[in-house]
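Numbering (the UniProt record's numbering), first residue to last: 1 to 637.
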């Protein structure tokens, strides 16, 4: 088919679902369509300004970037026009016919059927163009990419059902016109007053002028008439460049929604002008909800870089460390060259200063929430931790300069509480340490339930010693970089010999030595039975209820980490665990006198210990057979 012919194409399946969701979930806040389309127009202007740095011809004969909003009561249409970068035919098909993002499948898997929750989810995926179908039953897009001939204009049109059409048109002016053909009952938007009020509420922060036709009262006709003159209806100045005292909280919120394409309000923000060797302005936000692609470490785009208010790029990963990839906002430098490139960003000392300053500013925001005496602020930090805590933990290994600050922001579940809520800080833990305790104890597990029920905790419960329960996948990696907090060593209760230090009195130590001597022969015999499974067998006093448990040697990977590596298809060094037996348990005491089934009973103890810590048995059928034989033997006695 020739490019000039009209072509009808089907929407991507996900777009069909999205359109249905847009129309039926956002009816309570219809006016956001104008905010989203103006925001897109502003982005198109930013992209043109950036590309024109090296190719001034893209401005053609129209260097003044602007956005126009017009309406036609007779035709019942609203038109949003920009003279930004525009699109060619392939781009129109790609950008408007598909959701060109990874994670689309996950997006739809998370839809709950709850209109309010689903509407918020839309914002996390940045699909604002389709919001036009909230009020329109047909959308026409006429566009031409800057720098291409007028004959290469494109008309894209759809009724928001299953397909859309694309055809070539002559378009003298570059940029994009989006024409909304309103549904029945949406005539309230065919009003200059209504449109201006929406623009001033949601888009006043846009740095481009947003123009609308002037209106005046015609005394003769006794009605308001539209003139050919246009007037600017927004402040049209970069919000971050204004004084903080001139900006309302509502304006800060709307600017966040503009830069992030999020429908929700931000959790918190900071606005600062930094002066000194490097001068720059930062307006940084922490979202209330994690985006769908939070775990894609290569997916950036949170920070928009401007130089002297000229947009440079919207994925300035060099300005914020990877572990703070959830931060959104703007950084405007007065020092960087306008033709800044990624190479310059990587090498520039000024960029390093900006990155360090912005990192500290974000950590400062989090510290204010975490350390506040106000319950509302504390609740905000709890919300932040729920959404982004696992990502922040990455900073322990990636940001040595700020490791101590990040450590103070970490939160964990612990045996002090009866819930899986991660709200215990290291400082909280230290404040509750027992007299004579000089270590911070923790256990790792695949889940909260597994960690909470770990047999390794038994002696700590008996002595009333708190243990942190670490269940996030990133925890094992983080702990390889975090070995102490304010001079107190972090110790796994499931690795190495149990050392309770001063928490154990001399009487207990003497009894332990005597017991170990009494069980020396049993331990040696069990080592022989488990020579292919266990690195060692020894008596333990960390158990009070369980007959046995497995521990990793001091310098080896924990069982939990080995299982995680194998589940991820990664190589895990081969190592055998140590079996520790509880001399006070009836099964262990019975084993001292068992002859005929000694090997079976010993293997059952090992396999039980493996299951108790969430491991997988190499021979589950053999375990079941041994267990059944043991039960039958006990039943016939």
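Just so you know, even glycine gets a beta-carbon here, dropped at the ideal spot from N, CA and C. Quantities reported herein were computed from a predicted structural model and do not represent experimental measurements.
- Assigned with DSSP and collapsed to three states, residue 580 falls in strand.
- The beta carbon of residue 77 sits closer than 8 Å to those of 71, 179, 180, 181, 182, all from its chain and outside the five residues before and after it, given in chain order.
- Secondary structure of residue 285 (DSSP, three-state): strand.
- Per DSSP, residue 175 is one residue of the beta strand (DSSP E) stretching across 175–182.
- With a contact defined as Cβ atoms closer than 8 Å, residue 442 and residue 500 miss out at about 15 Å.
- For residue 71, the enclosing beta strand (DSSP E) starts and ends at 67–72.
- Inter-segment contact for the stretch 381–393 and the stretch 304–321 is absent: fewer than three beta-carbon pairs are separated by less than 8 Å.
- DSSP, reduced to helix, strand and coil, places residue 290 outside both helices and strands of the structure shown, so it counts as coil.
- One Cα belongs to residue 602, the other to residue 516, and the distance between them is close to 18 Å.
- The beta carbons of residue 540 and residue 462 sit no closer together than 8 Å.
- Residue 304 has 330 as its beta-bridge partners, per DSSP.
- With a threshold of 16 other beta carbon atoms within 10 Å, residue 225 falls short and is exposed.
- A distance below 8 Å separates the beta carbons of residue 207 and residue 238.
- With 16 or more other Cβ atoms inside 10 Å of its own Cβ, residue 43 counts as buried.
- DSSP places residue 82 within a strand segment (E or B) once states are collapsed to three.
- When DSSP states are grouped into helix, strand and coil, residue 295 belongs to the coil group.
- In the DSSP assignment, residue 153 is bridged to 169.
- By the CB criterion at 8 Å, residue 395 and residue 291 fall outside the cutoff.
- Going by beta carbons, residue 550 and residue 613 fall inside the 8 Å limit.
- By a beta-carbon distance limit of 8 Å, residue 331 contacts residue 305. Their separation comes to about 6 Å.
- The DSSP-derived three-state label of residue 10 is strand.
- In the structure shown, residue 271 falls within a strand segment according to DSSP collapsed to helix, strand and coil.
- Separation of the CB atoms of residue 11 and residue 163 is rounded to 6 Å, and the pair is thereby assigned contact status at 8 Å.
- When DSSP reads this structure, residue 76 sits in no beta bridge, so it has no partner.
- In the DSSP assignment, residue 550 is bridged to 579.
- Residue environment for residue 149: exposed (fewer than 16 other C-beta atoms within 10 angstroms of its C-beta).
- With a threshold of 16 other beta carbon atoms within 10 Å, residue 171 meets it and is buried.
- A distance below 7 Å between beta-carbons, with the five flanking residues on each side excluded, links residue 432 to the following residues of its chain, in chain order: 416, 466.
- Assigned with DSSP and collapsed to three states, residue 377 falls in helix.
- Between residue 381 and residue 363, the C-beta gap is not smaller than 8 Å, which leaves the two residues out of contact.
- Taken through DSSP and simplified to helix, strand or coil, residue 213 comes out as strand.
- Per DSSP, the continuous alpha helix (DSSP H) segment holding residue 365 begins and ends at 349–371.
- Short of 6 Å from the beta carbon of residue 324, and not among the five residues preceding or following it, lie these beta carbons of its own chain, in chain order: 362.
- Straight-line spacing of the CA atoms in residue 521 and residue 436 works out to 34 Å.
- For residue 613, there is no enclosing beta strand (DSSP E), as DSSP marks it with neither H nor E.
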